[in-house]
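Just so we're aligned, residue 0 is where the sequence shown starts under numbering that gives the first Met the number 0, counting upward by one. Down below is the structure, laid out as structure tokens.
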Amino acid sequence: MTAELSISSRGIKQAGFYVLVGASMPSVLVETGFLSNKNDANYLKSTKGQNEIADAIFKAVKSFKDYYEKVMETEL
Numbered sequence: 000m001t002a003e004l005s006i007s008s009r010g011i012k013q014a015g016f017y018v019l020v021g022a023s024m025p026s027v028l029v030e031t032g033f034l035s036n037k038n039d040a041n042y043l044k045s046t047k048g049q050n051e052i053a054d055a056i057f058k059a060v061k062s063f064k065d066y067y068e069k070v071m072e073t074e075l
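Okay, structure coming up:
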């Protein structure tokens, strides 16, 4: 996703958030920026930024869904 948006990655981290750990299905928490960072805030407030982020999230979720469905087909 970071390549799609030309932003730097802060890496993948795991935490024991109930909404993630307690889920009965694959789940992810996406943090798109920091409102305390002026550049991030401006990007997040802009229509262009919102559309780019929404598109990147959609593509990432679709990619995972396609992968997951393929794996599930081979396991049956």
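In this text, a Cβ means the ideal position worked out from N, Cα and C, and glycines have one as well. These numbers come from a predicted model, not from an experiment.
- Task: Specify, as a first and last residue, the run of the alpha helix (DSSP H) that residue 19 falls within.
- Result: 17–20
Legend entry - Where residue 24 sits in the DSSP three-state scheme: coil
Q. According to the Cβ coordinates, are residue 56 and residue 29 closer than 8 Å?
A. yes
Beta-carbon proximity list for residue 39, same chain, < 7 Å, skipping 5 on both sides: Closer than 7 Å at the Cβ level, and outside the excluded window around residue 39, lie 32 and 33.
Worksheet entry | Ordered list of alpha helix (DSSP H) runs contained in the segment 28–65, each at least 4 residues | 37–44
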